[in-house]
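Here the protein sequences line up with chains D and Y, keeping their order.
Heads up: the first sequence runs through residues 1 to 377, numbered per our numbering.
Heads up: the second sequence runs through residues 1001 to 1128, numbered per our numbering.
We put the CB at the ideal spot given by N, CA and C, even for glycine.
Everything numeric in this text was worked out from a predicted model, so none of it was measured.
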Amino acid sequence: MHMLKRTPLFEEHRKLAGKMVDFGGWELPVQYSGLAQEHQAVRTACGIFDVSHMGEILVSGPGSLKFVNHVTTNDASSLSVLQAQYSAFCRADGGVIDDLVVYRLGEEEFLLVVNAANIEKDFEHLQVQLAKLEGPRPLVKNESSHYAQIAVQGPLSERILQRLTSTPLHEIRTYWFRQGEVSGVSALIARTGYTGEDGFEIYLSPDHASRVWTALLEAGTPDGLVPCGLGARDTLRLEMKYALYGHELTDETNPLEVGLGWITKMGKADFVGKDFLTQVKAQGPMRSLVGITGLGRGIPRQGYEIYDAESNRCIGKVTSGTLSPTLKKPIGIGLIEKSYEKVGTQVRVKIREEFHEFLVCKTPFIEKTQIKTGEKK
Amino acid sequence: MNYPSHLKYTKDHEWAELVSDHRVRVGITDHAQSSLGDIVFLELPKTGKELKGHDTFGVVESIKAVSNLYSPISGRVVEVNSELAQDPGRINSNPHSEWFLEIESTDAKTQLQSLMDAAAYSEFIKGL
């Protein structure tokens, strides 16, 4: 058996009796007490997640903005210092290499937070692009091992986290961040997340991750805070129809067909993939990423085929699916032929040789709880 | 967890209980339910279905995972617990009493002898 990588919080997971699994080469908890309960805690109170496996690539020095804007689809030049944005790396043929969050640390300094499984691939792509860059070349470093990351998610996140920091959290708006301290540990505190709830992602040194994790548990447990595993992280993002790399996003899908047109800024100067995506945009994407909900009990899962309601024609595939812990109904995300994308369209999913009735539905699957975004600066 | 001594166990984490000379009740073990997590879906065969030992007879799903169910013995399905399929979360609470189906076979008793007893099964899962 190959050795699994461990995050700096591994011992904490063990103490909490987390059920450890192999997650893309990382030994991480899929759940602690139970997925449904953890999911519910994030929707109603607060949950903390160890997401230290995520990758961090630092781009710094003259040329940084130009470079980041060339390799990502969103417009990094629209970011203020201390602001973040969701973005993607594309290949020249439009395929998505990875999705990421870009944090602008300074005028010419960016932190790119990428998926754990793609760190090497991303870094290689950046090296290739860097070599072609004209003008000053920024420093591009894979800093992944120097960062731990803890996500604090749920409507009570601000109240709980505020007990551990003097940074006025209400001043941080959604997709903005501050440099501050949590439990005396210096940290980047960002109002970002992957659950659809209000919350924060805290980036800090691996050496002090345990101290902050433990302090969060102590500060939040009376308010219903629980540690959450990757299982709940997946169902929470699925209820919001947030894309997950390897499911909705792959090297073979382009951002326009998976609903990421909003982070693909055609108006900006040349970027990798722009020519191809301009064509796709002109013709209109062939496929569409939709939410589907089951009329029966059968649960759609990644890879299951989606069919036309009447004919035996396969029109696409399920990219993610589960039983929604909030709705108690089967839900799924599917990449299907565009002509079927309208809400209310009947489709069928083949589950173990049997056809199950589904409807294309409105997404997010759940009504977004009121997200407090902090006061304007 | 205590594995009841009146049950027999398979490597696929099913348990089998002899309820009469020719009849065996089947469920999944505590180890299985715990590995799966919150169980939300159960697909069972129709009565009358003929099964061979190790045949897939159904599917159990948690929020996160899909897992096949394997028949511990050869025989005919004579009873299906359709009530449990309506409320599969009960499996998590009482794995060793919530049964899925009953299989009839004239040599049920003999077939069960080849399965693990509680002590052997406890050892088996320790090694996983």
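Using a Cβ-Cβ distance cut-off of 8 Å, the region 242-261 of chain D and the region 279-296 of chain D are in contact, since at least three pairs of beta carbons, one from each stretch, lie closer than that value. The C-beta of residue 1063 of chain Y comes closer than 7 Å to at least one C-beta of chain D. By alpha-carbon distance to residue 210 of chain D, the top candidate from D:182, D:189, D:198 and D:196 is D:182. Setting aside the 5 residues that flank it on each side, residue 1008 of chain Y is surrounded in the same chain by 1016, 1112 and 1115, each with a C-beta closer than 6 Å to its C-beta; the list follows chain order. Interface with chain Y (7 Å Cβ-Cβ cutoff): residue 316 of chain D is excluded.
As the crow flies, the alpha-carbon of residue 270 of chain D is around 32 Å from that of residue 189 of chain D. In this structure, residue 248 of chain D sits near residue 319 of chain D, with a CB-CB distance shorter than 7 Å. Looking at the DSSP output, residue 208 of chain D shares a beta bridge with no other residue.
Inside the region 212-263 of chain D, DSSP marks whole beta strand (DSSP E) runs of 3 or more residues at positions 225-228, from first to last along the chain. Counting of Cβ neighbours within 10 angstroms places residue 1019 of chain Y among the exposed residues, the total staying below 16.
Along the region 1037-1054 of chain Y, the positions whose C-beta sits under 7 Å from a C-beta of chain D are 1037, 1038, 1040 and 1041, read in chain order.
Distance from the Cα of residue 1082 of chain Y is smallest, within the candidate group Y:1066, Y:1073 and Y:1099, for Y:1099.
With its beta carbon less than 7 Å from one in chain Y, residue 31 of chain D belongs to the interface.
The alpha-carbon separation between residue 140 of chain D and residue 133 of chain D amounts to approximately 12 Å. Under the three-state reduction of DSSP output, residue 272 of chain D falls in the coil class, being neither helix nor strand. Contact annotation for residue 36 of chain D against chain Y: 1038 and 1063 [CB-CB distance below 7 Å, chain order].
Contact of residue 325 of chain D with chain Y by beta-carbon distance below 7 Å involves 1063. In the DSSP assignment, residue 15 of chain D falls within the unbroken alpha helix (DSSP H) covering 10-15.
Looking at the backbone, the Cα of residue 56 of chain D and that of residue 147 of chain D are separated by about 7 Å.
Residue 184 of chain D counts as exposed, since fewer than 16 other beta carbons sit within 10 angstroms of its beta carbon. Taking 7 Å as the cut-off, the beta carbon of residue 127 of chain D is found no closer than this to the beta carbon of residue 71 of chain D. Residue D:219 holds the alpha-carbon nearest to the alpha-carbon of residue 163 of chain D among D:219, D:266 and D:67. When secondary structure is reduced to three states using DSSP, residue 343 of chain D falls in the coil class, being assigned neither helix nor strand.
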